[in-house]
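For the record, the sequence lines run as chains Y and H.
Per numbering that gives the first Met the number 0, numbering of the first sequence is gapless, rising by one per residue and ending at 574.
Per numbering that gives the first Met the number 0, numbering of the second sequence is gapless, rising by one per residue and ending at 574.
Beta carbons: idealized from backbone N, C-alpha and C, even for Gly.
Fair warning: this is a prediction, and the values are worked out from it, not measured in the lab.
One structure below.
2 protein chains.
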Amino acid sequence: MKLDKLVGERFKEKPSDCVVDSHALMVRGGYMKFVSNGIYSSYMPLRRITKKIENIIREEMDRIDGQEVSFPVVMPASLWEESGRYQAIDNSLCRFKDRNGSPMVLGMTHEEAAVQLVREYGNTYNRYPFMIYQIQTKFRDEARPRAGLIRVREFTMKDAYSFHTSQEDLEQYYAKCYHAYERIFARAGIPETIVVESDSGMMGGNISHEYMLLTAIGEDSIAICPECGYRANMEAAESIIEPLHDDVSEELTKVHTPEMHTIEEVCDFLKADPKKSLKAVVYQKNMTDEYVIVFIRGDLDVNETKLTNFLGENIHPAVITEESGIVAGFIGPKNLNAECTVLFDASVKGCNNLVTGANEPDYHYTGLDMDRDFPDAEYHDFAKIITGGICPVCKKKAITVSRGIEVGNIFQLGTKYTKSMGMSYLDEKGESHTPIMGCYGIGVGRLAASVCEAHHDEYGPIWPMSIAPWQVHLCCMKSADEEAHAAADKMYEDLQDAGLEVIYDDRKVSAGFMFSDADLLGVPVRVIVSPRNLKENVCEVVTRDKTYSAKVPVEETVATVKNLVNELMAKCKAE
Amino acid sequence: MKLDKLVGERFKEKPSDCVVDSHALMVRGGYMKFVSNGIYSSYMPLRRITKKIENIIREEMDRIDGQEVSFPVVMPASLWEESGRYQAIDNSLCRFKDRNGSPMVLGMTHEEAAVQLVREYGNTYNRYPFMIYQIQTKFRDEARPRAGLIRVREFTMKDAYSFHTSQEDLEQYYAKCYHAYERIFARAGIPETIVVESDSGMMGGNISHEYMLLTAIGEDSIAICPECGYRANMEAAESIIEPLHDDVSEELTKVHTPEMHTIEEVCDFLKADPKKSLKAVVYQKNMTDEYVIVFIRGDLDVNETKLTNFLGENIHPAVITEESGIVAGFIGPKNLNAECTVLFDASVKGCNNLVTGANEPDYHYTGLDMDRDFPDAEYHDFAKIITGGICPVCKKKAITVSRGIEVGNIFQLGTKYTKSMGMSYLDEKGESHTPIMGCYGIGVGRLAASVCEAHHDEYGPIWPMSIAPWQVHLCCMKSADEEAHAAADKMYEDLQDAGLEVIYDDRKVSAGFMFSDADLLGVPVRVIVSPRNLKENVCEVVTRDKTYSAKVPVEETVATVKNLVNELMAKCKAE
């Protein structure tokens, strides 16, 4: 490919709407173009990257006996009504009517379609286990698309679905897929991806894992215990902290706290540590608007996913009305006179001498003692885990919280979809059972962006050889020089004849211009032909990651480059 | 791949909803499953076929310097408002609102997205020409999906867009693409595909061609002149027939034709040949409901595409009200007292002694002479071309009309999209111009189904080697026989080691059952291992198309099969 024919523009200025490096570099490098909020078109370099990623995924899915199929993007709503998700999912599920008025949805995931495809086939035990997968466009009407390809509305995803006759069989297959995913990320150039336990969310099921690339720009928080290796997504990580119990319990005392509505204001005023306060966080259930008050230690936050999972229904931050009886800013568990669900977070279990609201304007209590004043209270885990928390596995006070991008996930779904959609099989004895499912997803574009996040410098991406848009970037310096141009043309032919993927820049532009374009394209091996080098009968061969740089005799250049490409490719091998 | 693990069911009975063979065979063979009207999921065999087709297309597009990109499935309506198609296209364009109430569309074609992607890049002449393409999901909310994959609502399409600075340059590239398409169809196994001139329809532009596979189940009609080789789609083919002019013109006479509303009834009653009648066909314009009456020879039909193109707006069959002044069933050009557009088809030019309506209930005229009675009439071509018509090129009365499936199309779009969407470039002199576009489409699933239509027998598809789901179908007869099973297992390994794609059937089923499954999968080469053959130390090697059948010594089988595969692959070469 001649660079001067490559469609797309490269430029220096960081676009103002790009908050993460991968986004900025991929816009600046002519990889992608904004079409609508969370919707992009890809130019050739990105399409070449995603095709290579797709092929790696395909090979690894085929290795674990996956069968590539294809499901529709547009599905009848009736299919999603069968599983109950047509009602259950919020407006991230795109719903519309076709020309005949039939309600349809855009596929954001394909559990329903997978069950529909194999419902009849899977009617007898001896056809199990099997796994089907596809690589296809998905649409999720995200409220807040962000960070370029990290969180979009339209994306290409590999989604796989396995079907089993026993939990043991699912677990065996799940383990295979777990390792296939490790291989995929290693082959795509991010072997540093870690696996964490996760919450299953809207997918249903119990056990699930997320593959996380740790990076400050990640939108997920991951609890990690460096002592025992425990890792979990915030939603799945149990928050354990030591109860703050003073030896002497003070009296419960009502104090005047005029115009102090936040726990910070009150604690400031009373010279109390927010850790010694009981904060109320108020939600409403989506379906009924019923109030739910969570009492939690003042310095902690509620993890809404944990709360949703506990309640079994969706919630939203409350709008507190006067009729509710709730006195916003002064809420406490004592003398709370309102119709609502009251929950206590485990963080306040056994605590005393707490500041909390008195349920009347401008008054708080001090000296609350949970055991004394609420001996019957039940405690559950609703808190966001924090650095310094106690590891739920090794019980050491060692938890650290890191940010990460979720590059893949695997779920043990159980029978959520097979049961609701009436899929069953007959066993050896002719008895009917419901098959058990697993599902396994990877977003292709997000993976590309994640690799870029992990491997770039200020000048551009540093693509791993396995997914680089091209393997070799050939630069002809001073291409007005006929001899240099002819030598570069020949090198272009020779490199291609050696089976290498080459992008060739013979534009009449300055070296600086040429190299900054090359940096933006991030091709791992660069070959520079120039009149000066030719005088010494050499080419410069350098790698984008700067680990290799040499002047190589012209006649040895192809062999050197070929070796270098093979070496760099070997770095993208899975164990 | 072991056949007993292949997800999908094969069965004998023709599904009642399948009207064409490819549909019936692909449902019976476990290739596809109905999800919703015009929406299907694919099982692994079809996905393997479509992947191979996609790769053939990709290679041929890359050969003519196409750059693979990707456009979104979901696009903002604003993009389609720029081109004017948001309003112009009927409800086959799927429109909906996203969670923020922004109007969106599902891509049915991507001219707008292509212009949006390159609008800035293409701002200077020296970047031209270039071509970008994608292979992606499209959705067209067809009123009448039919015939399985022949006409669906959701489909995978390769769509390509080229950009040029002159008509000559477009024409040169168009010719390249024309040949690339011939190569694609030859490589996919249907070199018999013919090219016809076509109408550009909603795409805009002037010159366009369709690639047609002639078959009785096709939904397009193609006019062919065996004398000169002229070929055109019905919409594009000019209908020319000899005027029927009697030597003596009769008087215009009003006759009583009680209760005779159709031209057949009237001609029967008056013992007139329908060819000697002037039939009125009444439409209304979609936008204004204004009436349009086309007068045409009684035995011919109006081609609505020709009429739409002439009017420059969409029409529908009329609902004739009393207020309109139109006397349904008795309409004629004489004494027509209604507000409407009156058009004459070229078929009645110079005709005399015609029967036509008298514009009053139960009366017709005889003896209408167009030249005498309507000396100022203008004539245009609105008629559907018929077998026996005059060839517009060689002028011989030799036109035949055949049915065909459109497997691809290419358009010279001109500046329809670039102009409306404000794309321009500066030439050498710094003057601004509008680039010229071409676009080029192939439906992947329809191509698969078309190949099946062209190559099947009553037992199943006969896939060309280039796109067959597997190259070799290995059958182990009487697999309960340990020796036979071991020999077949070894053959399975050996064939795969030779780089062949093998589907292996070692189920304990009857030969009849095994072969009917093999016929349905349509794999080109079949190898049969059986205890009886093994006694003679041979395998049976046969081709699905029955052109080859031999008993081959076991140790020579792999080499024989490999040769056969190569020979059959060579049949799918393009010139």
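| Query | Result |
| --- | --- |
| 8 Å CB neighbourhood of H/D168 in its chain, flanking five on each side removed | Y127, P128 and I435 |
| The segment 496 to 513 of chain Y contacting the segment 423 to 439 of chain Y, beta-carbon criterion three pairs below 8 Å | no |
| Chain H residues whose Cβ lies nearer than 8 Å to that of Y/L412 | The premise fails here: Y/L412 is roughly 18 Å from chain H at the closest Cβ pair, so nothing lies under 8 Å. |
| Cβ pair Y/V6, H/L116 closer than 9 Å | yes |
| Endpoints, alpha helix (DSSP H) assigned at H/R46 | M43 to R62 |
| Unbroken beta strand (DSSP E) run spanning H/H22, endpoints | Element bounds for H/H22: not the beta strand (DSSP E) but the alpha helix (DSSP H), D20 to R27. |
| Pair within 9 Å by beta-carbon distance, H/E119 and H/S82 | no |
| Contacts of Y/S423 in chain H (Cβ-Cβ under 8 Å) | Here the premise fails: no neighbours, minimum Cβ distance about 16 Å. |
| Residue nearest to Y/I239 in terms of C-alpha spacing, selected from Y/R543, Y/K348, Y/V524 and Y/E53 | Y/K348 |
| The segment 58 to 91 of chain Y: positions lying closer than 9 Å to chain H by Cβ | D64, Q66, E67, V68, S69, F70, P71, V72, V73, M74, P75, S77, L78, D89, N90 and S91 |
| Y/K4 at chain H interface by Cβ criterion, 9 Å | yes |
| Residue from Y/R9, Y/D344 and Y/A357 with nearest C-alpha to Y/N336 | Y/A357 |
| Cβ neighbours of H/E241 in the same chain (closer than 8 Å, five flanking residues each side left out) | I389 and K396 |
| Contacts that Y/R525 makes with chain H (C-beta to C-beta distance below 9 Å) | Here the premise fails: no neighbours, minimum Cβ distance about 22 Å. |
| Collapsed DSSP secondary structure at H/E81 in the structure displayed | helix |
| Host alpha helix (DSSP H) of H/S419 (start-end) | K415 to S419 |
| Inter-stretch contact (C-beta, 8 Å, three-pair minimum) for the segment 371 to 382 of chain Y and the segment 156 to 175 of chain Y | no |
| Assigned secondary structure, H/Q411 (DSSP; H/G/I helix, E/B strand, else coil) | strand |
| Top-ranked residue by Cα proximity to Y/Y416, from Y/S35, Y/E53 and Y/L78 | Y/L78 |
| Residue(s) in a DSSP beta bridge with H/C438 | H/Y160 and H/F410 |
| Expected contact under 8 Å - CB spacing of H/C571 and H/R186 to nearest Å | 5 Å |
| Y/K489 - containing alpha helix (DSSP H), residue span | E481 to D496 |
| Other residues of its chain near Y/S41: CB distance less than 6 Å, five sequence neighbours each side excluded | M31 |
| Beta-carbon proximity list for Y/T136, same chain, < 7 Å, skipping 5 on both sides | V72, E153 and T155 |
| Validate contact between the segment 461 to 477 of chain Y and the segment 441 to 450 of chain Y using beta carbons, cut 8 Å, 3 pairs | yes |
| H/V557 beta carbon less than 9 Å from that of H/M476 | no |
| Proximity of H/V471 and H/V551 at Cβ, strictly below 9 Å | no |
| Interface partners of Y/E119 on chain H, CB under 8 Å | E8 |
| Segment contact, 8 Å Cβ cut-off, at least three pairs: the segment 393 to 407 of chain H with the segment 317 to 324 of chain H | no |
| Proximal chain Y residues relative to H/F512, where beta-carbon distance stays under 7 Å | Residues of chain Y passing the Cβ test: none, with the nearest at roughly 16 Å. |
| Contacting positions in the segment 134 to 157 of chain H - beta carbon closer than 9 Å to chain Y | Q135, T136, F138, D140, E141, A142, R152, E153 and T155 |
| H/V541, buried or exposed, once every other Cβ within 10 Å from all chains shown has been counted against 16 | buried |
| Own chain partners of Y/M201 with C-beta closer than 8 Å, once the 5 adjacent residues on each side are dropped | Low local confidence applies: a pLDDT of 45 at Y/M201 is under 50, so the model's placement there is unreliable, and no value is given. |
| Buried or exposed by the 16-neighbour rule on C-beta atoms within 10 Å, applied to H/T49 | buried |
| Residue nearest to H/E539 in terms of C-alpha spacing, selected from H/L519, H/V560, H/N122 and H/V522 | H/V560 |
| Y/K534 in three-state terms, based on DSSP | helix |
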